[in-house]
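Novice: The sequence shown begins at 1 in the numbering used here and counts up by one. Glycine included, each C-beta is placed from N, C-alpha and C at the ideal position. Just so you know, these numbers come straight off a predicted model, no measurement behind them.
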Amino acid sequence: MKISTKKITILALCIAMNMVGSWIGLMIKLPVYLDSIGTVMAGFAFGPVFGILAGVITALVNTISDPVALYFMPTQIIVGFTAGYFKFLKREDFLSKFYLTPVMSIPAAISSALIATYLFGTVTTAGSSYIVQALRAIIDISDFVIVLGVQIITDYLDKLLSIILVSKIYNMNAFKNILNK
């Protein structure tokens with residue numbers, strides 16, 4: 001694995017994309033997170049090591065504005081690894097994204113649900129936390145099951161959005177030219 005100035009620069013851009021997306025999701029309290037678009041981009045462009053690196057650095061830096069972000073580093077690692085490892089996620093076929101996204105979103109949802117339930121008692125800074133609290137008030141099942149259900153849906157939507165956006169950019173000739181120079 002050769003590290004070049006171009007890779008470091010694109011990695012920094014990916015981390016910045018994650019930070020901006022995370023800030024938007026946090027401020028507007030969206031039920032999607034938008035904090036892994038850059039992680040997916042780094043994984044697509046340079047493989048699982050760079051995907052993981054983007055996720056880990058994002059979690060560390062985002063802790064400045066959102067202390068909860070650090071604890072979700074395992075989820076970022078899962079997203080970075082799957083984005084870099086599973087090449088089929090890069091396909092240009094729009095329809096395939098709907099049934100391929102669970103490869104990334106289900107492990108991420110399980111990780112996030114475990115962290116949100118057992119470290120934070122279901123209350124985090126994410127917009128999905130509002131959905132969890134509403135469901136806890138009306139459904140009498142375990143907290144983990146509620147959080148997992150919400151995480152599966154919200155992580156699927158978040159990762160689908162990330163994969164669609166990133167694959168469009170990744171498959172553009174202009175971006176491929178940047179990677180190949």
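I need the DSSP call for F120, collapsed to helix, strand or coil.
Specialist: Residue mapping note: residue 120 aligns to position 120 of the sequence shown, counting from 1. F120: coil per DSSP, three-state reduction.
Novice: Tell me whether R136 sits in a helix, a strand or coil according to DSSP, three-state version.
Specialist: Here residue 136 is taken as the residue at index 136 of the sequence shown, counted from 1. Helix at R136.
Novice: When you compare only the Cα positions, how much space is there between L135 and T58?
Specialist: Within the sequence shown, numbered from 1, the residue matching residue 135 stands at position 135. Within the sequence shown, numbered from 1, the residue matching residue 58 stands at position 58. Their Cα atoms are separated by approximately 30 Å.
Novice: As a quick exercise: from A83, L161, F72, pick the residue whose alpha carbon is nearest that of F120.
Specialist: On the sequence shown, position 120 is the one that residue 120 refers to. It is F72 whose Cα lies nearest to the Cα of F120.
Novice: Keeping to the same chain, check which residues put their C-beta closer than 8 Å to that of A16; ignore five residues upstream and five downstream.
Specialist: As a working mapping, residue 16 is identified with position 16 in the sequence shown. Excluding sequence neighbours, A16 sits near G38.
Novice: Expressed to the nearest angstrom, what Euclidean distance is found between the alpha-carbon atoms of K87 and A45?
Specialist: As a position in the sequence shown, residue 87 is number 87, starting the count at 1. As a position in the sequence shown, residue 45 is number 45, starting the count at 1. Using only the alpha carbons, I get a separation of about 10 Å.
Novice: What are the boundary residues of the alpha helix (DSSP H) that L26 is part of?
Specialist: Reading the sequence shown from its first residue, position 26 is the one you call residue 26. L26 -> alpha helix (DSSP H) spans 5 to 28.
Novice: Got a sec, what are the start and stop residues for the alpha helix (DSSP H) N62 sits in?
Specialist: Taking the first residue of the sequence shown as 1, we reach residue 62 at position 62. Looking at the DSSP string, the run of the alpha helix (DSSP H) that includes N62 is 48 to 62.
Novice: For Y150, count the other beta carbons within 10 Å of its own beta carbon; 16 or more makes it buried, fewer makes it exposed. Which is it?
Specialist: Walking along the sequence shown from the start, residue 150 turns up at place 150. First, the amino acid is wrong: residue 150 is Val here, not Tyr. With 16 or more Cβ atoms within 10 Å of its Cβ, V150 is classed as buried.
Novice: How about V147 and T122: do their beta carbons lie closer than 8 Å?
Specialist: Your numbering for residue 147 matches position 147 in the sequence shown. Your numbering for residue 122 matches position 122 in the sequence shown. The Cβ atoms of V147 and T122 lie closer than 8 Å to each other.
Novice: Counting beta carbon pairs with one atom in the segment 122 to 133 and one in the segment 47 to 63, are three or more of them shorter than 8 Å?
Specialist: no
Novice: Which stretch, first to last residue, makes up the alpha helix (DSSP H) that contains F238?
Specialist: With the chain covering only 1 through 181, there is no way to say anything about residue 238.
Novice: Does the distance from the C-beta atom of S36 to that of N18 stay below 8 Å?
Specialist: Within the sequence shown, residue 36 is the residue found at index 36, counting from 1. Within the sequence shown, residue 18 is the residue found at index 18, counting from 1. Using a Cβ distance threshold of 8 Å, S36 and N18 count as a contacting pair.
Novice: Between the alpha carbons of G43 and N177, how many angstroms are there, rounded?
Specialist: Position 43 of the sequence shown, counted from the start, is the residue given in the question as residue 43. Position 177 of the sequence shown, counted from the start, is the residue given in the question as residue 177. Their backbone Cα atoms lie some 17 Å apart in a straight line.
Novice: Assign S96 to one of three DSSP states: helix, strand, or coil.
Specialist: For the purposes of this step, residue 96 is taken as the residue at position 96 of the sequence shown. DSSP places S96 in helix when its eight states are reduced to three.
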